[in-house]
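S.K.:
In this note's numbering, the protein residues as written are 1 to 473.
1) So is residue 164 buried or exposed if we call it buried at 16+ other beta carbons inside 10 Å?
2) May I ask which residues mark the beginning and end of the beta strand (DSSP E) holding residue 406?
3) For the alpha helix (DSSP H) containing residue 213, name the first residue and the last one.
4) Going by DSSP, what residue range makes up the alpha helix (DSSP H) through residue 103?
5) Would you say the segment 45-54 touches the segment 128-141, given that touching needs at least three Cβ pairs under 8 Å?
6) So, is residue 230 buried or exposed, given that buried needs 16 or more other C-beta atoms within 10 angstroms?
7) Counting along the chain, where does the beta strand (DSSP E) carrying residue 223 start and finish?
8) Checking 7 Å against the spacing of the C-beta atoms, do residue 511 and residue 209 come in under that value?
9) Tell me the rounded alpha-carbon separation between residue 446 and residue 454.
10) Per DSSP, what kind of secondary structure is residue 453 in: helix, strand or coil?
11) Can you tell which of 457, 406, 416 has its C-alpha closest to the C-alpha of residue 225?
12) State the beta-bridge partners of residue 142 as determined by DSSP.
13) Give, in chain order, every unbroken run of the alpha helix (DSSP H) that is at least 4 residues long and sits entirely within the segment 25-71.
14) For residue 126, which residues from the same chain have a beta carbon less than 7 Å from its beta carbon, with the 5 sequence-adjacent residues on both sides left out?
15) Considering only residues of the segment 376-436, which uninterrupted alpha helix (DSSP H) runs meet the minimum length of 4 residues and lie entirely inside it, listed in chain order?
16) Measuring alpha carbon to alpha carbon, tell me which residue in 412, 468, 29 is nearest residue 114.
17) If you measure between the beta carbons of residue 418 and residue 363, is that distance less than 7 Å?
18) Excluding sequence positions up to five away, which residues of its chain have a Cβ less than 7 Å from the Cβ of residue 57?
19) Bridge partners of residue 251, per DSSP?
20) Taking the CB atoms as reference points, tell me whether residue 456 and residue 394 lie closer together than 7 Å.
21) Select from 245, 408, 246, 271 the residue whose C-alpha is nearest the C-alpha of residue 255.
22) When DSSP labels each residue in this structure, what does residue 496 get in the three-state scheme?
23) Cα separation between residue 332 and residue 14?
24) Report, in whole angstroms, the separation of the C-beta atoms of residue 344 and residue 146, which I expect to be a contact under 8 Å.
25) Taking the C-alpha atoms as reference points, what is the distance between residue 459 and residue 166?
26) Once you ignore the five residues that flank residue 470 on each side, which residues in its own chain have a CB closer than 6 Å to its CB?
27) Is it right to say residue 257 is buried, meaning 16 or more other beta carbons lie within 10 angstroms of its own, or is it exposed?
28) With a CB to CB cut of under 6 Å and the five nearest residues on each side skipped, what residues in its chain are close to residue 277?
29) For residue 274, tell me which candidate among 180, 38, 123 has the shortest Cα-Cα distance.
30) Could you say if the segment 95-109 and the segment 36-50 meet the contact criterion of at least three C-beta pairs nearer than 8 Å?
31) Name the one or two DSSP bridge partners that residue 283 has.
32) Taking a contact to mean a Cβ-Cβ separation below 7 Å, would you say residue 148 touches residue 33 in this structure?
33) Keeping to the same chain, check which residues put their C-beta closer than 6 Å to that of residue 265; ignore five residues upstream and five downstream.
34) What residue from 298, 426, 323 has the CA that sits closest to residue 310's CA?
35) Secondary structure at residue 271, three-state DSSP: helix, strand or coil?
36) How about residue 129 and residue 312: do their beta carbons lie closer than 7 Å?
Okay, structure coming up:
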């Protein structure tokens with residue numbers, strides 16, 4: 001009788017163990033299970049879903065929808081009809097929807113893990129060596145081993161320097177989804193994506209907002225016209241922008257009520273009920289004992305990986321926000337799936353060269369491909385085609401007369417180079433442009449195709465005709 005051959009996987013409890021149950025860890029574990037592998041997920045919170053479900057994408061975007069519902073009742077149409085409602089909702093009313101959606105998302109993630117026979121382990125993970133993790137929970141400590149490990153722990157809001165976060169007057173984005181009351185005034189320090197999203201949401205609630213940023217221009221990766229329109233609409237809601245300004249000190253008055261006093265280096269002084277610090281995020285790696293696995297991080301707690309999402313330790317992978325740009329939930333899920341494939345020698349193909357960005361401000365913004373300033377710097381000849389929502393029947397129906405869609409075409413080949421949109425449904429609308437861009441299409445596709453009427457998708461037809469007229473001159 002021949003002795004049984006012991007394989008490498010027989011030495012470990014899991015073929016793939018994912019630290020973190022957000023989009024990257026969740027998708028990686030499911031992909032491994034689909035390949036017939038023994039997969040597990042470790043989550044330090046009390047339920048699955050990670051930062052994405054608990055504090056980030058899901059609650060913030062649900063809060064935005066609740067704000068939009070309030071805006072709908074305050075729309076000028078209802079004012080003209082004599083039925084405008086001037087009552088501002090309470091924090092409890094706005095966040096009731098957030099809590100409902102969050103709990104349903106948790107159920108969905110946990111159900112998907114259960115249906116794929118993926119073990120969910122709740123507790124704090126730390127390495128003891130490159131294949132072994134100790135998981136500590138309130139009631140127990142256990143040790144698990146894995147042939148391959150994926151680090152997908154996500155990030156946490158960077159703490160403001162010299163100012164303690166108290167959840168009342170001084171908050172970060174991680175506390176914003178847990179507010180018990182709405183401030184009368186809000187100062188947002190840091191005009192990045194998260195800062196601008198929350199600034200626009202609170203401004204839409206008719207709360208006075210001041211945005212402070214040391215940069216002269218916000219959201220530099222966006223098209224200039226898009227940024228100008230966003231700032232225009234936010235200024236119409238009485239948002240004050242203090243660009244090129246640096247916060248020197250923040251003090252809290254004794255009250256009542258307790259308020260934050262922000263002193264800028266320029267000498268300006270701002271008094272507000274609440275300060276949101278939105279100065280970036282850092283990797284949640286401080287308690288992983290990465291050195292025991294032979295790994296290190298950069299100054300922001302991020303882990304370096306190669307094109308297959310491998311760290312410098314070949315059987316340890318990392319994906320999602322923890323590896324840095326682009327730090328999107330959608331790209332994190334794609335990275336996690338590919339990392340699992342690479343772990344088991346399955347060809348997953350490269351990541352998309354073009355992926356859509358979505359900024360869920362009010363109004364929302366989305367883009368894919370090249371910007372005008374990028375094409376100008378590279379001396380690529382291009383032409384623009386613009387369609388404004390006020391020209392589109394669907395825009396009139398929705399009451400959005402300020403949104404627009406811009407397409408960039410190569411002047412000689414007529415190939416589509418980029419799409420930029422701001423306004424209602426921009427993050428959905430962008431995917432038509434994404435498909436055409438990825439398939440190498442161009443102006444003629446949009447000129448020859450019929451789009452449903454009345455839809456926002458008609459913007460593509462109108463913008464294409466606009467570009468065609470310019471090219472014909």
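Where a beta carbon is used, it is the ideal one built from N, C-alpha and C, also for glycine.
M.R.: To lay it out plainly:
1) Residue 164 is classed as exposed because its beta carbon has fewer than 16 other beta carbons within 10 Å across all chains shown.
2) Unbroken beta strand (DSSP E) run through residue 406: 404-410.
3) Unbroken run through residue 213 is the beta strand (DSSP E), 208-213; no alpha helix (DSSP H).
4) From DSSP, the alpha helix (DSSP H) with residue 103 extends over 91-115.
5) The segment 45-54 is not in contact with the segment 128-141.
6) The residue is buried, with at least 16 neighbouring Cβ atoms inside 10 Å.
7) Run containing residue 223: none; DSSP gives neither H nor E here.
8) The first residue shown for the chain is 1 and the last is 473, placing residue 511 beyond what the model contains.
9) Roughly 16 Å separates the two Cα atoms.
10) Here DSSP, grouped into helix, strand and coil, assigns residue 453 to coil.
11) It is 406.
12) DSSP, once it has assigned bridges, lists 135 as partnering residue 142.
13) Entirely contained in the segment 25-71, the alpha helix (DSSP H) runs reaching 4 residues are, in chain order, 50-54.
14) Counting only Cβ-Cβ distances below 7 Å, and skipping sequence neighbours, we find 133, 134, 287, 288, 289.
15) Listed in chain order, they are 393-398.
16) Scanning 412, 468, 29 for the CA closest to the CA of residue 114 turns up 29.
17) Cβ distance not < 7 Å, so residue 418 and residue 363 don't count as in contact.
18) The answer, listed in chain order, is 329.
19) Answer is 261.
20) Yes, Cβ-Cβ distance for residue 456 and residue 394 is below 7 Å.
21) The option with the nearest alpha carbon to residue 255 is 271.
22) Since the displayed the chain opens at 1 and closes at 473, residue 496 lies outside it and no answer follows.
23) Their Cα atoms are separated by approximately 22 Å.
24) The Cβ separation is near 13 Å, so there is no contact.
25) Spanning the two alpha carbons is a distance of roughly 46 Å.
26) These residues qualify, in order along the chain: 383.
27) Around the beta carbon of residue 257, fewer than 16 other beta carbons lie within 10 angstroms, which makes this residue exposed.
28) If the five residues before and after residue 277 are omitted, its C-beta is found closer than 6 Å to the C-beta atoms of 160, 172, 189, all from its own chain and listed in chain order.
29) It is 180 whose Cα lies nearest to the Cα of residue 274.
30) Yes: at least three Cβ pairs fall under 8 Å.
31) When beta bridges are read from the DSSP output, residue 283 appears opposite 155.
32) Going by C-beta atoms, residue 148 is not nearer than 7 Å to residue 33.
33) Excluding sequence neighbours, residue 265 sits near 246, 248.
34) Checked all of 298, 426, 323; the closest Cα to residue 310 is 323.
35) In this structure, residue 271 counts as strand in the three-state DSSP scheme.
36) Not in contact: residue 129 and residue 312 (Cβ atoms no closer than 7 Å).
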